[in-house]
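Protein chains in written order, with this note's numbering: chain A, 393 to 908; chain B, 36 to 544. Ideal Cβ placement from N, Cα and C applies to all residues, glycine included. Report on one structure; see the data block that follows.
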Amino acid sequence: SIKISEDSRKPKAYAENGAFDVGVLDSSSYRLADSRTSSNDSRRKTKIVCTIGPSSSSREMIWKLAEAGMNVARLNMSHGDHASHQITIDLVKEYNSLFVDKAIAIMLDTKGPEVRSGDVPQPIFLEEGQEFNFTIKRGVSLKDTVSVNYDDFVNDVEVGDILLVDGGMMSLAVKSKTSDLVKCVVIDGGELQSRRHLNVRGKSATLPSITDKDWEDIKFGVDNQVDFYAVSFVKDAKVVHELKNYLKTCSADISVIVKIESADSIKNLPSIISACDGAMVARGDLGAELPIEEVPLLQEEIIRRCRSIHKPVIVATNMLESMINHPTPTRAEVSDIAIAVREGADAIMLSGETAHGKFPLKAVNVMHTVALRTEASLPVRTSASRTTAYKGHMGQMFAFHASIMANTLSSPLIVFTRTGSMAVLLSHYRPSATIFAFTNQRRIMQRLALYQGVMPIYMEFSDDAEDTYARSLKLLQDENMLKEGQHVTLVQSGSQPIWREESTHLIQVRKIKIGG
Amino acid sequence: ATAVTTDTSGIEVDTVTEAELKENGFRSTRRTKLICTIGPATCGFEQLEALAVGGMNVARLNMCHGTRDWHRGVIRSVRRLNEEKGFAVAIMMDTEGSEIHMGDLGGEASAKAEDGEVWTFTVRAFDSSRPERTISVSYDGFAEDVRVGDELLVDGGMVRFEVIEKIGPDVKCLCTDPGLLLPRANLTFWRDGSLVRERNAMLPTISSKDWLDIDFGIAEGVDFIAVSFVKSAEVINHLKSYLAARSRGGEIGVIAKIESIDSLTNLEEIILASDGAMVARGDLGAQIPLEQVPAAQQRIVQVCRALNKPVIVASQLLESMIEYPTPTRAEVADVSEAVRQRSDALMLSGESAMGQFPDKALTVLRTVSLRIERWWREEKRHESVPLQAIGSSFSDKISEEICNSAAKMANNLGVDAVFVYTTSGHMASLVSRCRPDCPIFAFTTTTSVRRRLNLQWGLIPFRLSFSDDMESNLNKTFSLLKSRGMIKSGDLVIAVSDMLQSIQVMNVP
């Protein structure tokens, strides 16, 4: 395994200088009390989503990925069939059933209305300047013409449009079109293989976001009680409502994560983000439909919007692309992970790196170490100035002040939750130490796996609050997550009281004694 | 659209800037400078011209590769480009340094090491072709320094080997992490999880080959020399006095490459002694844990700003574009971050030297820079980093205060440009250091200073003969720029100069 995280290899220069203040984007809203950082807490807060595929679907690999740091297993419905995904789901559930303090959530990612080129018996070599055509007739594969799987393709594209193959690996300019043929000239050549992904720059296909196949996959997800859907090519809030209504009729409690990846979704960003349960910055198609230089700015905006309304956000695509084939990332990739962590994403995602790459475990390891290192260098907020919490919302106010207290004391937070809502609120304020979220609901435990800084733990609650606290502290001590003499901040707030009076909210600080 | 601009009584500015100013006005000109490493993919005159048109401000020559004749050819082509087409492309010569690296693989582009293979690393030189699974090593003490059981990392972990046997000058190693070996890749060896720093740590920073290259650079009149694996300020001071004694007339700027643990430990003193620094992330990531490189980059950029030295972010910005016409999203994010940090310059290495899409890679750097710069103007994110005082003499302190105030006024008044008249270039860099919201027109009397200023953030360098009389300088500049359509009546300008310590705010008549 990769060894770059070992302390012994950290140069002395860093030990002496301490971590640097790297809160470029956040520093305006944080006041630094001193140069203290959260480096005493060695648990990673940014979550890792791993796409499961041929390189990672075995029982052994799922166990290893989980041990390496996977928090969410993503099933990409563009590949594989229900039988193969079923096996993965069963393995993840088996893993989860073995632990009370480890939960891998399952995310089902729909294929969506992808526009793809047709099958070709052999790769077609496209050379710059040559003519090449796409037809909506099925099954065509000639030297200069291939099929497209989408009938309105001819109507959607216009002369002058730029077609991108695989997000820009090859590109063509549309020169003319007939009723069933789009004639192009190659700008960037390469090898055109079967079923390549096509985009029109600046445009979204006029296709429904959820296709018939997607509905079948969604039903499969309901049957298997997955934790999250990631919905591809969401264009507006309507489709989110449609899916949520459907889930209501099935009494399925599954979170809907929207993938922001089309030009249309950017126009409707505020309404989409308010309708969904979370978002994914799907940078591949986003950078193909829109100019690539817009992507970093959009990423920042999407993260900011989601965080402002307490919804989890995932940064995805190309994070460690070079590690599909190489054991070490490029410097740009390391920097990219650090940026996503600094921007405050809840999770960062691996796609091909874990699905079909040669070094899936190393990729997870790199994400883990870079995230951990970057988190340790973020400023710690210990001042309550510029508060965003109002007394109208007791839960928010308590979450905010509990975070500030925990930061001042460098103490982890402990919360007991049946719905997860208080843990989500605490995560929103990004305290510098871990939020131990005890819940008696396995579903909630799984869902919380996606949230930044939250470590969900399963526990039966007893009628006696003090007994429950004692057991939770003992569990944390037994697992070496708390040490004697350390402070913990317990928060009791939120809309549904567990042991307290409805009108009472509490923050309690305890010092850990031997044996709890 | 390339006009020849060699009229000595007039004003010299490169044609790309001129066109940009005419078409888009002042505010949208690019502030972040771009450096392209020149190699087989870009050494022809037309290719160099395409890069200059695409926004290259500095051409870098990597002395690890190519013969001096080849480099001479490139230098002369760039100079011809500047003379004939009015560009001010500076030339940076990058020395090889004496850290341990592999040989050049006998002309092959790469070699593949597979898991479980045994390779021989040797200090022997090969007369003819390279024997199979054999790599030559640049450092003579290699075979003595390594021990059986050591781990050998190529390029910070792209490929890993374990030392299994030593036979005289040959070291047998077992490949534990397969991958591609590239010519002249960096080699480090690790024992019990620590970087081994024995006699190899005593190697001189500037090798005898480097000294010959430096003499060559002086003779050919390069603008910058980048020194690899700088460990302390001493070597920079040594080189600077060598250059002062030898280079005729024109000064050569010394850029320290920050790529080792020592250079991070002695960062402030090294940067203080140098004329600029380069965050050489490739080798840096081979010497410190990779995950610490982003924080190191940030610190180096900050220290350079504080000490008023230009800083270059280099290595693997758009690595995937060596092979593909489009960057990965991670690469775009990385470039945008370097621009947000307001580093002076971004650098392409293999992407422009031997990649398949040098012009496209340069376009990506340009468009991402422009987009981020536009974003912070739209968001009104002025830089308001408190800058420490750096001037030592009273006169320097005045210049510094003038530049700080001029930049602040420029932001608050929303002026179209800051004009700075400077003979040494120092005053221009003091304005650049403040990263004002508007472009900085830097007027200087010599072509060499003009080229050197082309490395610095936000500076649009012009060559102009000017006098001690600011009134006449301004009138002359206004009429010259107006006649070429680069400014118009009513534009608001702030002017400072290093001859007259004053700030003037005026509308172009």
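Who are the near neighbours of residue i in its chain, counting only those whose CB is closer than 6 angstroms to its CB and skipping five residues on each side?
i                      : result
residue 93 of chain B  : 70, 125, 127 and 490
residue 97 of chain B  : 72 and 129
residue 485 of chain B : 123, 479, 496 and 498
residue 660 of chain A : 628
residue 624 of chain A : 502, 504 and 651
residue 336 of chain B : 346, 376 and 378
residue 751 of chain A : 715 and 719
residue 426 of chain B : 432 and 435
residue 872 of chain A : none
residue 466 of chain A : 441, 443, 499 and 501
Would a C-beta distance cut-off of 8 angstroms place residue i and residue j closer than the cut-off?
i                      : j                      : result
residue 263 of chain B : residue 130 of chain B : yes
residue 290 of chain B : residue 261 of chain B : yes
residue 899 of chain A : residue 797 of chain A : yes
residue 845 of chain A : residue 810 of chain A : no
residue 469 of chain A : residue 501 of chain A : yes
residue 370 of chain B : residue 383 of chain B : no
residue 879 of chain A : residue 460 of chain A : no
residue 701 of chain A : residue 672 of chain A : no
residue 359 of chain B : residue 561 of chain A : yes
residue 357 of chain B : residue 308 of chain B : no
residue 647 of chain A : residue 613 of chain A : no
residue 287 of chain B : residue 312 of chain B : no
residue 121 of chain B : residue 180 of chain B : no
residue 574 of chain A : residue 541 of chain A : no
residue 350 of chain B : residue 321 of chain B : no
residue 738 of chain A : residue 494 of chain A : no
residue 146 of chain B : residue 688 of chain A : no
Would you grab the beta carbon distance between residue i and residue j for me? Rounded to a whole angstrom, and I think it's under 8 angstroms.
i                      : j                      : result
residue 550 of chain B : residue 219 of chain B : Outside the shown range of chain B (36 to 544) lies residue 550 of chain B, about which nothing can therefore be said.
residue 708 of chain A : residue 675 of chain A : 6 angstroms
residue 602 of chain A : residue 631 of chain A : 6 angstroms
residue 606 of chain A : residue 504 of chain A : 6 angstroms
residue 496 of chain A : residue 463 of chain A : 7 angstroms
residue 354 of chain B : residue 221 of chain B : With a Cβ gap of about 15 angstroms, residue 354 of chain B and residue 221 of chain B do not count as contacting.
residue 457 of chain B : residue 537 of chain B : Incorrect: roughly 14 angstroms between the Cβ atoms, too far for contact.
residue 492 of chain A : residue 849 of chain A : 6 angstroms
residue 825 of chain A : residue 802 of chain A : 6 angstroms
residue 758 of chain A : residue 818 of chain A : Between residue 818 of chain A and residue 758 of chain A the Cβ distance is about 28 angstroms, and since that is not below 8 angstroms, they are no contact.
residue 447 of chain A : residue 749 of chain A : 6 angstroms
residue 156 of chain B : residue 172 of chain B : 5 angstroms
With a threshold of 7 angstroms, establish whether the CB of residue i neighbours any heavy atom of the ligand COA.
i                      : result
residue 435 of chain B : Here there are no bound small molecules, and the ligand COA is not part of this structure.
Can you pull the DSSP bridge partners for residue i?
i                      : result
residue 496 of chain B : B:477
residue 576 of chain A : A:524 and A:566
residue 212 of chain B : B:195
residue 698 of chain A : Paired residues: none, contrary to the question.
residue 648 of chain A : A:621
For residue i, which residues in the same chain have their Cβ closer than 7 angstroms to its Cβ, ignoring the five residues on either side in sequence?
i                      : result
residue 148 of chain B : 154, 194, 210, 213, 214 and 216
residue 45 of chain B  : 515
residue 396 of chain A : Residue placement at residue 396 of chain A is flagged as unreliable, the pLDDT there being 34, under the threshold of 50; the coordinate-derived value follows with that caveat. The answer, listed in chain order, is 761.
residue 470 of chain B : 377, 418, 492 and 493
residue 835 of chain A : 645
residue 397 of chain B : 69, 71, 86, 89, 90, 91, 383 and 387
residue 432 of chain A : Because residue 432 of chain A carries a pLDDT of 42, less than 50, the predicted location of this residue cannot be relied on, and the following value inherits that uncertainty. So the qualifying residues of the chain are 802.
Can you find the residues in the same chain that come closer than 8 angstroms, C-beta to C-beta, to residue i, ignoring five residues on each side of it along the sequence?
i                      : result
residue 401 of chain B : 65, 69, 89 and 90
residue 557 of chain A : 509, 563, 564, 582, 584, 588, 589 and 590
#### Entry: Against chain A: residues of the stretch 304 to 325 of chain B by CB proximity under 7 angstroms
316, 317, 320, 323, 324 and 325
### Query
Closer than 7 angstroms, Cβ to any Cβ of chain B: which residues of the stretch 722 to 755 of chain A, in chain order?
722, 723, 724, 725, 726, 727, 728, 730 and 731
### chain B contacts made by the stretch 693 to 715 of chain A, where a contact means CB separation under 8 angstroms
709, 710, 711, 712, 713 and 714
### Message
What are the residues in the stretch 70 to 96 of chain B lying within 7 angstroms of chain A by C-beta distance?
### Response
none
### Message
If the cut-off is 9 angstroms on Cβ atoms, which residues from the stretch 620 to 645 of chain A count as contacting chain B, listed in chain order?
### Response
none
### Where the stretch 580 to 594 of chain A meets chain B: residues whose CB sits under 7 angstroms from a CB there
580
### Task
Using a Cβ-Cβ cut-off of less than 8 angstroms, give me the residues of the stretch 170 to 202 of chain B that come near chain A, in sequence order.
190, 191, 192, 193, 194 and 195
### Message
Taking beta-carbon pairs under 8 angstroms, can you tell me which members of the stretch 342 to 372 of chain B lie near chain A?
### Response
350, 351, 352, 353, 354, 355, 359, 360, 361, 362, 363, 364, 365, 366, 367, 368, 369, 370, 371 and 372
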